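Asks:
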Amino acid sequence: MSPDDPEDRPEPAPEPASPRPQRQDFGEPDIPMPTAQRTLDRQRVRDARTNLDLDLGRIKRRKRYGLLLTIVTVLFVAFVLAPVTWVGAYLFFDPPSNVLMMQRAAEGQTIRHYAVPINRMSPHIIRAVIAAEDANFCAHDGFDVEAIQDAMESNARGERTRGASTISQQVAKNLFLWPDRSWVRKGFETYFTALIEFMWPKRRIMEAYLNIAEWGDGNFGIEAAARARFGVSAADLTPLQAARLAAVLPSPNRWRADQPGPYVRRRAATIVQRAQVVRNEGLAGCVLALDRAPSR
Numbered sequence: 113m114s115p116d117d118p119e120d121r122p123e124p125a126p127e128p129a130s131p132r133p134q135r136q137d138f139g140e141p142d143i144p145m146p147t148a149q150r151t152l153d154r155q156r157v158r159d160a161r162t163n164l165d166l167d168l169g170r171i172k173r174r175k176r177y178g179l180l181l182t183i184v185t186v187l188f189v190a191f192v193l194a195p196v197t198w199v200g201a202y203l204f205f206d207p208p209s210n211v212l213m214m215q216r217a218a219e220g221q222t223i224r225h226y227a228v229p230i231n232r233m234s235p236h237i238i239r240a241v242i243a244a245e246d247a248n249f250c251a252h253d254g255f256d257v258e259a260i261q262d263a264m265e266s267n268a269r270g271e272r273t274r275g276a277s278t279i280s281q282q283v284a285k286n287l288f289l290w291p292d293r294s295w296v297r298k299g300f301e302t303y304f305t306a307l308i309e310f311m312w313p314k315r316r317i318m319e320a321y322l323n324i325a326e327w328g329d330g331n332f333g334i335e336a337a338a339r340a341r342f343g344v345s346a347a348d349l350t351p352l353q354a355a356r357l358a359a360v361l362p363s364p365n366r367w368r369a370d371q372p373g374p375y376v377r378r379r380a381a382t383i384v385q386r387a388q389v390v391r392n393e394g395l396a397g398c399v400l401a402l403d404r405a406p407s408r
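Going by this note's numbering, the first residue of the sequence shown is number 113, and it counts up by one from there.
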């Protein structure tokens with residue numbers, strides 16, 4: 113056999129099999145997430161919660177600011193614009209009624225109320241009212257400090273209680289407010305008095321006062337009172353009639369001007385004398401041109 117015979121050649125050794133690659137299972141739950149990735153995810157969650165809290169805080173603050181702005185606006189309208197508009201409107205016309213008239217009507221009284229311009233009122237009633245109710249009417253700005261001090265001293269001595277309300281204050285409470293004795297109403301009275309004094313001339317204040325004052329038995333305003341008590345118009349009142357009407361103003365449902373008792377008679381006589389002083393000293397000059405004090 114020849115050495116070159118292929119049959120005599122040794123068979124080549126088989127090549128070793130290559131190792132079979134192992135499969136990686138990426139879905140295995142036991143493979144931990146890298147620490148940096150977990151930290152980043154937690155930070156993102158915290159940031160999202162922080163941003164949400166900030167957004168909710170902004171929304172709540174906006175709601176609070178909106179509510180506060182609404183309250184301030186309502187208060188501004190209620191306590192500034194509305195009273196100013198109200199007082200400004202009554203500068204030009206007289207109201208047909210007020211709270212006290214409605215209260216008396218509810219009590220069963222027949223209301224008689226006739227508003228007349230001040231040039232149709234006797235000058236005697238203007239002087240009498242100033243003499244009886246507010247001697248410094250033309251001099252003060254709605255509040256008579258001297259009268260307040262005198263009233264406090266008088267009350268401290270235990271003497272008969274005397275008021276210190278000016279005609280302007282009485283217009284404020286009778287025309288714009290309700291009958292009551294409270295600090296709340298007193299505060300409103302002060303505010304309306306200041307508005308009246310600022311926006312109205314003294315002549316208009318006196319006119320409004322004499323047109324809404326109560327004179328008893330459902331009579332409101334000097335025209336109704338003059339007709340009911342003396343059968344005359346407000347323009348025709350005599351000094352004594354005017355003094356008697358002014359004398360009963362503090363308690364018009366208790367005293368009568370046409371049937372005066374001893375106290376009203378004495379008070380009316382005093383008012384007649386004081387009214388003459390008012391005329392001579394020009395204390396009604398801000399209302400009556402003919403009473404203006406001569407320049408010195």
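Here a beta-carbon is modelled for each residue, glycine too, at the ideal position from N, C-alpha and C.
Remember, it's a predicted structure, so these values are computed and weren't measured experimentally.
Would you mind working out which of G330, A306, Y375 and R316 sits nearest E219, comparing C-alpha positions?
Replies: Selected option, being the one with the closest Cα: G330.
Asks: Can you have a look at E265 and say buried or exposed, based on whether 16 or more other CB atoms are within 10 angstroms of its CB?
Replies: Under this definition E265 is an exposed residue.
Asks: Looking only at DSSP bridge pairs, what is R224 linked to?
Replies: Answer is N331, bridged to R224.
Asks: How is E326 classed by DSSP in three states: helix, strand or coil?
Replies: E326 falls in the strand class under three-state DSSP.
Asks: Does the beta-carbon of M311 have 16 or more other beta-carbons within 10 angstroms, so that it is buried, or is it exposed?
Replies: With fewer than 16 Cβ atoms within 10 Å of its Cβ, M311 is classed as exposed.
Asks: Could you pull the start and end residues of the alpha helix (DSSP H) that M214 belongs to?
Replies: Here the alpha helix (DSSP H) through M214 covers V211 to A218.
Asks: Where S363 and N286 are concerned, what is the direct C-alpha to C-alpha distance, given to the nearest angstrom?
Replies: Spanning the two alpha carbons is a distance of roughly 14 Å.
Asks: Which runs of the alpha helix (DSSP H), 4 residues or longer, sit entirely within the segment 274-356?
Replies: Runs of the alpha helix (DSSP H) inside the segment 274-356: 279-288, 295-311, 314-324 and 334-342.
Asks: Measuring alpha carbon to alpha carbon, tell me which of A325, S280 and V389 ends up nearest V199.
Replies: Per the Cα distances, S280.
Asks: Less than 8 Å between the beta carbons of A244 and L395, yes or no?
Replies: Not a contact, by the Cβ cut-off of 8 Å.
Asks: Check whether the segment 205-220 and the segment 371-382 are in contact - that is, three or more C-beta pairs closer than 8 Å.
Replies: At 8 Å Cβ cutoff, the stretches do not touch.
Asks: If you draw a straight line from the C-alpha of E309 to the C-alpha of Y303, how long is it?
Replies: Roughly 10 Å between the two C-alpha positions.
Asks: Does DSSP classify A401 as helix, strand or coil?
Replies: Three-state result, A401: helix.
Asks: Using 8 Å as the threshold, is the C-beta distance between H225 and A306 below it?
Replies: Contact: no.
Asks: Can you round the beta-carbon distance between K314 and F249 to whole angstroms, since I take them to be within the 8 Å contact cut?
Replies: The pair is a contact, with the Cβ atoms about 7 Å apart (cut-off 8 Å).
Asks: In the structure shown, what three-state DSSP assignment does E393 receive?
Replies: E393: coil per DSSP, three-state reduction.
Asks: Consult DSSP for G200 and reduce its assignment to one of helix, strand or coil.
Replies: Here G200 sits in helix by DSSP.
Asks: Answer with buried or exposed for A93, where buried requires no fewer than 16 other C-beta atoms within 10 angstroms of its C-beta.
Replies: Because the chain here runs from 113 to 408, residue 93 falls outside it and cannot be looked at.
Asks: Going by Cα to Cα distance, which pick from V157, T197 and I237 is closest to Q388?
Replies: For the residues V157, T197 and I237, the minimum Cα distance to Q388 belongs to I237.
Asks: Cutting at 7 Å between CB atoms, please list the residues of its own chain near D370, excluding the five before and the five after it.
Replies: Counting only Cβ-Cβ distances below 7 Å, and skipping sequence neighbours, we find R341 and F342.
Asks: How would you call V283, buried or exposed, if buried means at least 16 neighbouring beta carbons within 10 angstroms?
Replies: So V283 counts as buried.
Asks: Can you tell me where the alpha helix (DSSP H) holding G240 begins and where it ends?
Replies: Sequence check: residue 240 is Ala here, not Gly. Element bounds for A240: P235 to E245.
Asks: If you reduce the DSSP assignment to three classes, tell me which class D262 lands in.
Replies: In the structure shown, D262 sits in a helix (DSSP, three-state: H, G or I).
Asks: With distances taken from CA atoms, which of R368, T185 and D348 is nearest R356?
Replies: Checked all of R368, T185 and D348; the closest Cα to R356 is R368.
Asks: Using a Cβ-Cβ cut-off of 7 Å (strictly less than) and excluding sequence neighbours within five positions of R391, which residues of its own chain qualify?
Replies: Contacts found: R239 and D403.
Asks: Looking at the structure shown, is V257 part of a helix, part of a strand, or coil, going by DSSP?
Replies: V257: helix per DSSP, three-state reduction.
Asks: Going by the CB atoms, is the gap between E319 and D229 shorter than 8 Å?
Replies: Sequence inspection shows Pro at residue 229; the Asp mentioned does not correspond to that position. Yes. Within cutoff.
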